[in-house]
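K.L.:
Taken in sequence, the protein lines are chains A and B. Just so you know, my numbering puts the end of the first sequence at 395, numbered straight through with nothing missing. Just so you know, my numbering puts the end of the second sequence at 376, numbered straight through with nothing missing. Heads up, the beta-carbon is just placed ideally off N, CA and C, and yes, glycines get one too.
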Amino acid sequence: MNTDEFKKVNTKNSTRLPVDLSDPQIEEFGRELDAIREEVIDSRGAKDRKYILTVIKTQRILGLLGRIMIYASILLLPAWSHDLASSTNFWILISLGTLSLATAKILENMEIGHNILHGQWDWMKDPDIQSSSWEWNHVCPSDQWIQSHNIKHHTWTNVIGKDPDIGYGLLRVSSRQKWRPFYLLQPLYAFLLAVLFEWGIAIQELELGKMFKRKSHAEKIRPLLQRTGTKMMKQITKDYILWPLLAVVMTLPFTFSGVGPSLFVVFFSVLIANVLANIFRNMWTYLIIFCGHFPKDVYHFTRAQVENETRAKWYVRQMLGSCNIRGGKLFHIMSGNLSHQIEHHLFPDIPSNRYPALAPRVRALAERYKIPYNSASLTRQFGTTLWKIFRYSFP
Amino acid sequence: MSDKKHSPSSTKSKSSFLAKFSAFTDKFAYPLRASHYVELLNPLWAGHALKAKVVKVWDETKDARTLTLKPGFNWRNYRAGQHIRIGVALDGVQYTRTYTISSPPERNDGLFTITVKAIADGRISHHLVRKIKVGSFLAIGLPQGDFYLPDSRPVKPLFITAGSGITPAMSMLESMLAKDRMRDTVHIHYAPHEFDAIFGERLKKIASEHSLYDLNQVFTHEYGEHKQTKGYFHAEQLEKLCPDWRERETYACGPQPLIEAMEKHYTLENMTRYLHIERFSAQLAVIPKEAVGGTVSFSKSGIDALADASTALLRVAEDAGMNPPHGCRMGICHSCSTTLLSGCVRDLRTGKLINDVGSKVQTCVCAAAGDCELDL
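1. Can you name the residues that DSSP bridges to Asp59 (chain B)?
2. Within a Cβ cutoff of 6 Å, which residues of the same chain sit near Val410 (chain B), ignoring the five residues on either side of it in sequence?
3. Measuring straight from C-alpha to C-alpha, what distance separates Glu174 (chain B) and Pro104 (chain B)?
4. If we cut at 8 Å on Cβ distances, does Glu135 (chain A) have a partner in chain B?
5. Would you call the CB atoms of Gly254 (chain B) and Ser171 (chain B) closer than 8 Å?
6. Got a sec: is the Cβ-Cβ distance from Lys105 (chain A) to anything in chain B below 8 Å?
7. Please go through the same chain and pick out, in chain order, the residues whose beta-carbon is closer than 7 Å to the beta-carbon of Lys162 (chain A), but skip the five residues on each side of it.
8. Under a CB-based cut-off of 8 Å, is Leu203 (chain B) close to chain A?
9. Ends of the alpha helix (DSSP H) at Asn278 (chain A)?
10. Can you find a C-beta in chain B that's less than 8 Å from the C-beta of Thr252 (chain A)?
11. Per DSSP, what kind of secondary structure is Thr350 (chain B) in: helix, strand or coil?
12. Please classify His187 (chain B): does DSSP put it in a helix, a strand, or coil?
13. Among B:Asp151, B:Arg123, B:Gly92 and B:Tyr148, which has the Cα closest to the Cα of Trp123 (chain A)?
14. Mind checking whether Thr98 (chain B) and Arg79 (chain B) have CB atoms under 8 Å apart?
15. Does the structure place the segment 154-166 of chain B close enough to the segment 244-259 of chain B that three or more beta carbon pairs sit under 8 Å?
16. Could you tell me whether any Cβ in chain A is nearer than 8 Å to the Cβ of Val93 (chain B)?
17. Which residues in chain A sit within 8 Å of Leu40 (chain B), going by Cβ to Cβ distance?
18. Using only alpha-carbon positions, find the residue among A:Leu77, A:Arg44, A:Met250 and A:Asn137 that is nearest to Gln94 (chain B).
19. Using the beta-carbon count (16 or more within 10 Å), is His153 (chain A) buried or exposed?
20. Find out if the Cβ-Cβ distance for the pair Cys336 (chain B), Leu314 (chain B) is shorter than 8 Å.
21. Which of helix, strand or coil does DSSP assign to Ala366 (chain A)?
22. If you drop the 5 nearest sequence neighbours on each side, which residues of the same chain put their C-beta closer than 6 Å to that of Ala197 (chain B)?
23. Would you say Lys131 (chain B) faces chain A, with C-beta separation under 8 Å as the test?
24. Using a threshold of 8 Å, state whether the C-beta atoms of Ser342 (chain B) and Val357 (chain B) are closer than that.
25. Anything in chain B within Cβ reach of Met124 (chain A), meaning under 9 Å, just list it in chain order.
26. Give me the Cβ distance between Ile140 (chain B) and Thr250 (chain B), rounded to the nearest whole Å; I'm assuming they're in contact under 8 Å.
27. Drop a sphere of 10 angstroms on the beta-carbon of Ile203 (chain A), count the other beta-carbons inside from all chains shown, and report buried for 16 or more, exposed for fewer.
28. Quick check on the DSSP output: what are the complete alpha helix (DSSP H) runs of length 4 or more inside the segment 78-158 of chain B, in order along the chain?
29. Threshold first: 3 residues or longer. Then list the beta strand (DSSP E) segments lying entirely within the segment 179-227 of chain B, N to C.
30. Restricting to Cα atoms, I'd like to know which of B:Gly145, B:Asp371, B:Phe280 and B:Thr363 is closest to Lys117 (chain B).
31. In terms of DSSP beta bridges, what is Ile303 (chain B) paired with?
32. Tell me whether the segment 112-127 of chain B and the segment 60-78 of chain B touch, counting them as touching only if at least three CB pairs, one residue from each stretch, are closer than 8 Å.
33. Go ahead and pull the three-state DSSP assignment for Arg60 (chain A).
34. Put Gln25 (chain A) into one of helix, strand or coil per three-state DSSP.
35. If you drop the 5 nearest sequence neighbours on each side, which residues of the same chain put their C-beta closer than 7 Å to that of Glu222 (chain B)?
36. Going along chain B in order, which residues have a C-beta closer than 9 Å to the C-beta of Lys329 (chain A)?
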């Protein structure tokens, strides 16, 4: 195929995938990926179990330490007027506590929750670590998220009109999405979505946009709304009511005897630490996830292109529609190994700790078949994503 | 009188206060429970899962080992002869097996023991006997089972045990000793030879110190032999070793051939209601030649699988890539029970067909009998 022909198949109305491969060649590519998958599945074992148990334990220790440091920082408020009490010491400790709590929340959502809910650890048959029963530390109920993420997004990755994660129903990230004046302010929406990301995810499945179009929609989503509402309330109660209030209760006896800081300061210190931990988590997950499918050179697909799609073609679409972020070991763990978005989309139920070793193999395979493999630094991936959000706000 | 009336209600309000308190602390840890953080300090303090710490291992014979376990806070005491489920992770995968507790409930150090024999090709038993180290933790279940001596009437027990089937009898014997209430007991124990008998020395010691306990060890192997050559259970042997067996309650535990031989004899003598059996594995009925399998539809998972007439449905589901709940895999714990939505299954223990829609099906001991649909 020469360049002109290639351009032809890559136009809007084409039913072909934008790769220079015949159908039998694509099928062979698929068989190679199937073989890699089988190989990894057969080699899962005690090391993998140890890995996830260690991550879970580390996450819980970080969470607990964060809470303890936030509480201990209250004891350093200048109003106590003991030797260690100073606003510098208070700020240092409460910042450390907030960071520790935020790190725990990030680990829980990404390397633990996201991956367990993908069924990556179901093979261990550990009753405590099963996709069907794990409830993650997030305002979106697990089963609802599985519905919108595992089923819709992973099946229909980057298919316009089918994948709910293209712009999260809020942003225009592809020229194939029709422009509306609504998108003019999308840099602002994108920023708000970053701060409130978990809430955005939680209401995504409710498809609130449809409320304006169809009245019956409100009736349809009521049960979903109730479940999501319950989960939201429990998360709010924990972070924004119970923990700050307990700190107040513990300070109360001192206040009565006339020492210590004002209860107002105590309550808001703990509250703000929790709010910030949640916002840090939101912004970090947003950063990683937006780099997964939005950077420059990522492909989007039409419904016509995925008609009668074989598993091998699905593989090709996952490769073209996902982007990796380069980074160190800690970065990969903190991103839930979603920095290996391509490998994750090819093998969503393979344990995430295996993605780093898989990446060079998949990359070499892609090179042999001349299929683009989109991997770059965080700066490049997020930079081009931001540019797209800005650019596509205009027609 | 008033005391009696008060004590249950006060314990009840105490426990409901505790329940309320723990529900309240759980709100701070949502969506986990407070116990998930307590577990970080000591797995035995966890309230959400029962674990036990291995505090001692001791070889009873060349292939049997006693593990002394320290159970977690929410353990409850057991009756001599009961068993527990043990969860072990092997190559990253968690397996569940059932083992009888071999120590007496009167043991007052809060510990209990299980005695495991490494069976040929038994990956889990081999792991427990050879690989488990002191200090490791095992997931355990609460004590279960109805294989124990009655408190209400003074029975004269006859223990017939073989190999690691000694474990419930050992627990019962030690329990009787601890209570200083040795009953008039006859014990027939089959072991390969005198150096390969689990608890052999201990049994001899009890026999020498207590005239009420009559121990008869039957050795079934010559030294160096791998196959059983002698000493099978038979009627004359029973008459000889325990002439008054008809006046006793028999408690039997051992491999399937022994249990089958005993059941046959007791049925012949019309004595089955005096026979109490603890099995190593579910006893399966003969599957008729004309029996056929079929397609099993797992409705919740949307998976269909072909099954023959002899493979347990649990296995069929697992081979189809599912992970349905299960426990003992021998039909006693009911962890695997599910609902029959349509079609017919065969209970492999009795050979009986279950075809009433809505019946409970124990997937670990039932196989397909034609097409069927399960709520899994």
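P.N.:
On the basis of the data shown:
1. The residue given as residue 59 (chain B) occupies position 59 in the second sequence. B:Arg65, per the DSSP bridge assignment.
2. Given that chain B is displayed from residue 1 to residue 376, the structure contains no residue 410 (chain B) and the question cannot be resolved.
3. Within the second sequence, the letter at position 174 stands for residue 174 (chain B). Within the second sequence, the letter at position 104 stands for residue 104 (chain B). Answer to the nearest angstrom: the Cα atoms are 6 Å apart.
4. Position 135 of the first sequence, counting from 1, holds the residue named residue 135 (chain A). Chain B, which has a Cβ nearer than 8 Å to the Cβ of Glu135 (chain A), makes this yes.
5. By one-based count along the second sequence, residue 254 (chain B) stands at place 254. By one-based count along the second sequence, residue 171 (chain B) stands at place 171. In this structure, Ser171 (chain B) does not lie closer than 8 Å to Gly254 (chain B) by Cβ.
6. By one-based count along the first sequence, residue 105 (chain A) stands at place 105. For Lys105 (chain A), the answer is no, since every Cβ of chain B falls outside 8 Å of its Cβ.
7. Position 162 of the first sequence, counting from 1, holds the residue named residue 162 (chain A). The answer, listed in chain order, is Trp156 and Arg303.
8. Here residue 203 (chain B) corresponds to residue number 203 of the second sequence, with the count starting at 1. The beta-carbon of Leu203 (chain B) is placed no less than 8 Å from the nearest beta-carbon of chain A.
9. By one-based count along the first sequence, residue 278 (chain A) stands at place 278. Residues Leu263 to His293.
10. In the first sequence, counting from the first residue as 1, residue 252 (chain A) sits at position 252. For clarity, residue 252 (chain A) is Leu in the given sequence; the question names Thr instead. No, because no Cβ of chain B sits closer than 8 Å to the Cβ of Leu252 (chain A).
11. By one-based count along the second sequence, residue 350 (chain B) stands at place 350. Collapsing the DSSP output to three states places Thr350 (chain B) in coil.
12. To locate residue 187 (chain B), count along the second sequence from 1; it is residue 187. In the structure shown, His187 (chain B) adopts extended strand secondary structure according to DSSP, grouped into three states.
13. Position 123 of the first sequence, counted from the first residue, corresponds to residue 123 (chain A). Scanning B:Asp151, B:Arg123, B:Gly92 and B:Tyr148 for the CA closest to the CA of Trp123 (chain A) turns up B:Gly92.
14. Counting from one through the second sequence, the residue named residue 98 (chain B) turns up at place 98. Counting from one through the second sequence, the residue named residue 79 (chain B) turns up at place 79. The Cβ-Cβ distance between Thr98 (chain B) and Arg79 (chain B) does not fall below 8 Å.
15. With contact defined as three or more Cβ pairs closer than 8 Å, the segment 244-259 of chain B and the segment 154-166 of chain B are in contact.
16. Here residue 93 (chain B) corresponds to residue number 93 of the second sequence, with the count starting at 1. Yes, Val93 (chain B) lies at the interface with chain A (some Cβ there is under 8 Å from its Cβ).
17. As a first step, residue 40 (chain B) is located in the second sequence; it is residue number 40 there, counting from the start. Neighbourhood of Leu40 (chain B) in chain A, by CB distance below 8 Å: Lys57, Arg60, Ile61 and Leu64, in chain order.
18. For the purposes of this step, residue 94 (chain B) is taken as residue 94 along the second sequence, with counting starting at 1. Gln94 (chain B) has its Cα closest to that of A:Arg44, out of A:Leu77, A:Arg44, A:Met250 and A:Asn137.
19. Translated into positions along the first sequence, residue 153 (chain A) becomes position 153. Only buried fits His153 (chain A), as 16 or more other CB atoms lie within 10 angstroms of its CB.
20. Here residue 336 (chain B) is taken as the residue at index 336 of the second sequence, counted from 1. Here residue 314 (chain B) is taken as the residue at index 314 of the second sequence, counted from 1. Going by C-beta atoms, Cys336 (chain B) is nearer than 8 Å to Leu314 (chain B).
21. Here residue 366 (chain A) refers to the residue found at position 366 of the first sequence. Helix, per DSSP.
22. Taking the second sequence and counting its residues from 1, the one referred to as residue 197 (chain B) is at position 197. Non-local C-beta neighbours of Ala197 (chain B) in its own chain, meaning closer than 6 Å and more than five positions away in sequence, comprise Ala191, ordered along the chain.
23. Locating residue 131 (chain B) in the second sequence gives position 131, counting from the first residue. Chain A contact via Cβ: absent.
24. Translated into the one-based positions of the second sequence, residue 342 (chain B) becomes position 342. Translated into the one-based positions of the second sequence, residue 357 (chain B) becomes position 357. Yes, Cβ-Cβ distance for Ser342 (chain B) and Val357 (chain B) is below 8 Å.
25. In the first sequence, the residue the question calls residue 124 (chain A) occupies position 124. Ordered by position in chain B, the residues that pass the 9 Å Cβ test against Met124 (chain A) are Ala89, Gly92, Val93 and Gln94.
26. For the purposes of this step, residue 140 (chain B) is taken as the residue at position 140 of the second sequence. For the purposes of this step, residue 250 (chain B) is taken as the residue at position 250 of the second sequence. Here Ile140 (chain B) is actually not in contact with Thr250 (chain B); their C-beta atoms are around 29 Å apart, not less than 8 Å.
27. For the purposes of this step, residue 203 (chain A) is taken as residue 203 along the first sequence, with counting starting at 1. Buried, by the Cβ-count rule.
28. For the segment 78-158 of chain B, whole alpha helix (DSSP H) runs of length 4 or above, ordered along the chain, are 123-126.
29. Counting whole runs of 3 or more residues, the segment 179-227 of chain B contains the beta strand (DSSP E) stretches 185-191 and 213-219.
30. Position 117 of the second sequence, counting from 1, holds the residue named residue 117 (chain B). Measuring from the Cα of Lys117 (chain B), the nearest candidate turns out to be B:Phe280.
31. What you label residue 303 (chain B) is simply residue 303 of the second sequence in a count that begins at 1. Ile303 (chain B) is bridged to B:Phe298.
32. By the Cβ rule, the segment 112-127 of chain B counts as touching the segment 60-78 of chain B, because three or more pairs are nearer than 8 Å.
33. Locating residue 60 (chain A) in the first sequence gives position 60, counting from the first residue. Of the three classes helix, strand and coil, the one that applies to Arg60 (chain A) here is helix, per DSSP.
34. In the first sequence, the residue the question calls residue 25 (chain A) occupies position 25. Gln25 (chain A) falls in the helix class under three-state DSSP.
35. Here residue 222 (chain B) corresponds to residue number 222 of the second sequence, with the count starting at 1. Scanning its chain for C-beta atoms nearer than 7 Å, with the 5 sequence neighbours on each side dropped, one finds around Glu222 (chain B) the residues Thr229, in chain order.
36. If you number the first sequence from 1, residue 329 (chain A) lands on position 329. Annotation: Lys329 (chain A) has no Cβ neighbours in chain B at a cutoff of 9 Å; minimum Cβ distance is about 21 Å.
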